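So in UniProt numbering, spot 264 of the sequence shown is number 264, and the numbers just go up one at a time.
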Amino acid sequence: MSLENLSINFATVRQAGSFGEIVDACLRHGITSISPWREHVAQAGLAEAARIVAENGLRVTGHCRGGFFPAIDAAGRQAAIEDNLRAIDEAAALNANCLVVVVGGLPKGSRDLPGARQMVEDGMAEILPHARQVGVKLALEPLHPFYAAERACLNTLKQSLDLCDRLGEGTGVAIDVYHVWWDPELEEQVARAGRNRQILAHHICDWLVPTADPLNDRGMMGDGVVDLGRFRAMIERAGFLGPQEVEIFSHRWQARPVDEVLGIIVERYDSVCQADTAA
1 MSLENLSINF ATVRQAGSFG EIVDACLRHG ITSISPWREH VAQAGLAEAA
51 RIVAENGLRV TGHCRGGFFP AIDAAGRQAA IEDNLRAIDE AAALNANCLV
101 VVVGGLPKGS RDLPGARQMV EDGMAEILPH ARQVGVKLAL EPLHPFYAAE
151 RACLNTLKQS LDLCDRLGEG TGVAIDVYHV WWDPELEEQV ARAGRNRQIL
201 AHHICDWLVP TADPLNDRGM MGDGVVDLGR FRAMIERAGF LGPQEVEIFS
251 HRWQARPVDE VLGIIVERYD SVCQADTAA
């Protein structure tokens with residue numbers, strides 16, 4: 001079985017430790033694609049993280065994360081812009097396929113959801129020229145509506161693709177099954193993203209029933225209700241044949257030994273995550 005199209009998001013295996021330790025764990029299992037978080041890069045130092053990536057021939061499927069544009073005042077919005085510009089430079093240094101952008105929710109004390117969405121669009125427009133200049137694509141990640149107030153005021157693929165269309169070149173979407181599997185317009189919008197080559201990343205996990213904690217109780221692939229084979233077939237029909245990036249925020253999985261977790265991921269990637277050709 002080839003693991004060429006299996007990527008590990010560092011959020012899945014935080015228990016492994018540092019940037020280098022997570023990479024070592026992935027390599028022990030034959031996994032050579034990763035998606036680091038900025039905290040791991042900062043801990044290692046950007047130059048050291050880039051060295052580890054280059055010397056091990058790793059593919060960086062995404063850098064997590066940019067975004068969080070809305071703020072209560074101009075100073076806060078400017079600080080977010082500056083932080084996103086730094087994130088873009090980090091993604092460039094790591095030769096990442098994209099910078100994943102979780103756009104942010106309502107500013108503290110606000111009830112103005114349209115206003116927050118406008119701040120997101122303004123912020124994206126501000127950072128996009130630099131991203132284009134250094135060759136980093138910006139992947140908007142719509143989050144489940146549960147997160148609309150505090151994490152992401154873009155909650156459907158349609159909203160995200162509409163914004164990409166207004167912004168233009170250098171933008172696209174990260175399609176995470178956890179956040180969009182429920183969407184009645186999913187197939188139509190995935191096809192739309194494919195036509196315009198706007199699928200920049202594909203994240204996988206599963207939705208558990210019941211879910212104890214919408215943030216930290218994501219399921220291992222095959223343990224929940226998402227038909228991952230059909231989902232992957234939809235993605236591939238849209239023209240995206242790139243990696244499936246495993247991103248599992250879960251206290252229960254992060255309490256288990258990292259090699260056990262990675263071993264199960266490899267098995268499930270083979271048994272439940274391959275495209276259903278009958279779909």
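Even for Gly, the Cβ is constructed at its ideal location relative to N, Cα and C. No experiment lies behind these values; they were computed from the predicted model shown.
State the CB to CB distance for the pair ALA25 and VAL41, rounded to an integer number of angstroms; the pair is presumed to be in contact (CB under 8 Å). Locating residue 25 in the sequence shown gives position 25, where the first residue counts as 1. Locating residue 41 in the sequence shown gives position 41, where the first residue counts as 1. Not confirmed; about 17 Å, so no contact.
Suppose you measure from the CA of VAL103 to the CA of ALA152; what does that come to, to the nearest Å? For this step, residue 103 is matched to residue 103 along the sequence shown. For this step, residue 152 is matched to residue 152 along the sequence shown. The alpha-carbon atoms of VAL103 and ALA152 are separated by roughly 5 Å.
Do VAL53 and ALA91 have their C-beta atoms within less than 8 Å of each other? In the sequence shown, the residue the question calls residue 53 occupies position 53. In the sequence shown, the residue the question calls residue 91 occupies position 91. No, these two residues do not count as a Cβ contact at 8 Å.
N- and C-terminal bounds of the alpha helix (DSSP H) containing SER263: Against the sequence shown, residue 263 aligns to sequence position 263. Residue 263 is actually Gly in this sequence, not Ser. Unbroken alpha helix (DSSP H) run through GLY263: 258-272.
For ILE127, which of ARG51, LEU161 and LEU99 has the nearest alpha-carbon? Position 127 of the sequence shown, counting from 1, holds the residue named residue 127. Considering only alpha carbons, the answer is LEU99.
Mind checking which residues open and close the beta strand (DSSP E) that includes LEU154? Here residue 154 corresponds to residue number 154 of the sequence shown, with the count starting at 1. Neither: LEU154 is in no beta strand (DSSP E) and is coded neither H nor E.
Which residue wins for smallest C-alpha separation from ALA16, given the options LEU163, ALA255, THR277 and ASP206? Here residue 16 refers to the residue found at position 16 of the sequence shown. Closest option to ALA16, Cα to Cα, is ALA255.
Separation of LEU106 from ASP112, as counted between CA atoms: Against the sequence shown, residue 112 aligns to sequence position 112. Against the sequence shown, residue 106 aligns to sequence position 106. Taking the straight line joining both Cα atoms gives about 7 Å.
Confirm, please, whether the CB-CB distance from TRP37 to PHE10 is below 8 Å. Walking along the sequence shown from the start, residue 10 turns up at place 10. Walking along the sequence shown from the start, residue 37 turns up at place 37. Yes, the pair counts as a contact, with Cβ atoms nearer than the cut-off.
Tell me whether the beta-carbon of ILE199 lies closer than 8 Å to the beta-carbon of GLY172. As a position in the sequence shown, residue 199 is number 199, starting the count at 1. As a position in the sequence shown, residue 172 is number 172, starting the count at 1. Yes, these two residues count as a Cβ contact at 8 Å.
Please go through the region 44-114 and give each complete beta strand (DSSP E) segment of 3 or more residues, from N-terminal end onward. 63-67 and 99-102
Mind checking whether LEU228 and MET221 have CB atoms under 8 Å apart? As a first step, residue 228 is located in the sequence shown; it is residue number 228 there, counting from the start. As a first step, residue 221 is located in the sequence shown; it is residue number 221 there, counting from the start. Against a cut-off of 8 Å, the Cβ pair of MET221 and LEU228 comes out as a contact.
So, is MET119 buried or exposed, given that buried needs 16 or more other C-beta atoms within 10 angstroms? As a first step, residue 119 is located in the sequence shown; it is residue number 119 there, counting from the start. The residue in question, MET119, is buried, as its Cβ has 16 or more Cβ neighbours within 10 Å.
Nearest candidate by alpha-carbon position, reference LEU3, set ARG59, LEU46, ILE22 and SER18: The sequence position of residue 3 within the sequence shown is 3, counting from 1. For LEU3, the nearest C-alpha among the options comes from ARG59.
Verify whether the separation of the beta carbon atoms of GLN274 and ARG232 is less than 8 Å. The residue labelled residue 274 in the question sits at position 274 within the sequence shown. The residue labelled residue 232 in the question sits at position 232 within the sequence shown. Yes. Within cutoff.
Here's the rule I'm using: 16 or more other beta-carbon atoms within 10 Å means buried, otherwise exposed. How should PRO142 be labelled? What you label residue 142 is simply residue 142 of the sequence shown in a count that begins at 1. When all chains shown are included, PRO142 counts as buried.
Would you report the Cα separation of ARG77 and GLU150, rounded to the nearest angstrom? Translated into the one-based positions of the sequence shown, residue 77 becomes position 77. Translated into the one-based positions of the sequence shown, residue 150 becomes position 150. Cα to Cα, the separation comes out at about 16 Å.
Throw me the rounded Cβ distance for the ASP206 and GLY224 pair, which I believe falls under 8 Å. For the purposes of this step, residue 206 is taken as residue 206 along the sequence shown, with counting starting at 1. For the purposes of this step, residue 224 is taken as residue 224 along the sequence shown, with counting starting at 1. The pair is a contact, with the Cβ atoms about 3 Å apart (cut-off 8 Å).
Secondary structure of GLU39, DSSP reduced to three states: Counted from its first residue, the sequence shown places residue 39 at position 39. It is helical.
With ALA174 and GLY67 assumed to form a contact (beta carbons below 8 Å), what rounded beta-carbon distance in angstroms separates them? As a first step, residue 174 is located in the sequence shown; it is residue number 174 there, counting from the start. As a first step, residue 67 is located in the sequence shown; it is residue number 67 there, counting from the start. In fact, because the Cβ distance is near 11 Å, the residues do not count as touching under 8 Å.
Here's a check: name, in chain order, each residue in its chain whose Cβ is nearer than 6 Å to the Cβ of ALA93, leaving out the five neighbours to either side. Stepping through the sequence shown from its first residue, residue 93 is reached at position 93. Cβ neighbours of ALA93 beyond the five flanking positions: LEU46 and ALA50.
Taking its Cβ as the centre, do 16 or more other Cβ atoms sit within 10 Å of GLN244, making it buried, or is it exposed? Numbered from 1 along the sequence shown, position 244 holds the residue referred to as residue 244. Buried, since its Cβ has 16 or more Cβ neighbours within 10 Å.
Considering just the uninterrupted stretch of the alpha helix (DSSP H) at GLU236, what are its terminal residues? Looking up residue 236 in the sequence shown gives position 236. First-last of the alpha helix (DSSP H) with GLU236: 228-237.
Spatial neighbours of ASP270 within its chain, please: CB distance less than 6 Å, with the 5 preceding and 5 following residues excluded, ordered by chain position. Residue mapping note: residue 270 aligns to position 270 of the sequence shown, counting from 1. Same-chain partners within the cutoff: MET1.
Identity of the residue in MET124, PRO145 and MET234 nearest HIS202 by Cα: Residue numbering aside, residue 202 sits at position 202 when the sequence shown is read from its first letter. Considering only alpha carbons, the answer is MET234.
So, is ASP165 buried or exposed, given that buried needs 16 or more other C-beta atoms within 10 angstroms? The residue given as residue 165 occupies position 165 in the sequence shown. The residue in question, ASP165, is exposed, as its Cβ has fewer than 16 Cβ neighbours within 10 Å.
Cα-Cα separation between HIS179 and HIS144, rounded to whole angstroms: Looking up residue 179 in the sequence shown gives position 179. Looking up residue 144 in the sequence shown gives position 144. Near 4 Å, if we compare the C-alpha coordinates of HIS144 and HIS179.
Buried or exposed for ASP122, please, with buried defined as at least 16 other CB atoms from any protein chain shown within 10 angstroms of its CB. Here residue 122 is taken as the residue at index 122 of the sequence shown, counted from 1. With fewer than 16 other Cβ atoms within 10 Å, it is exposed.
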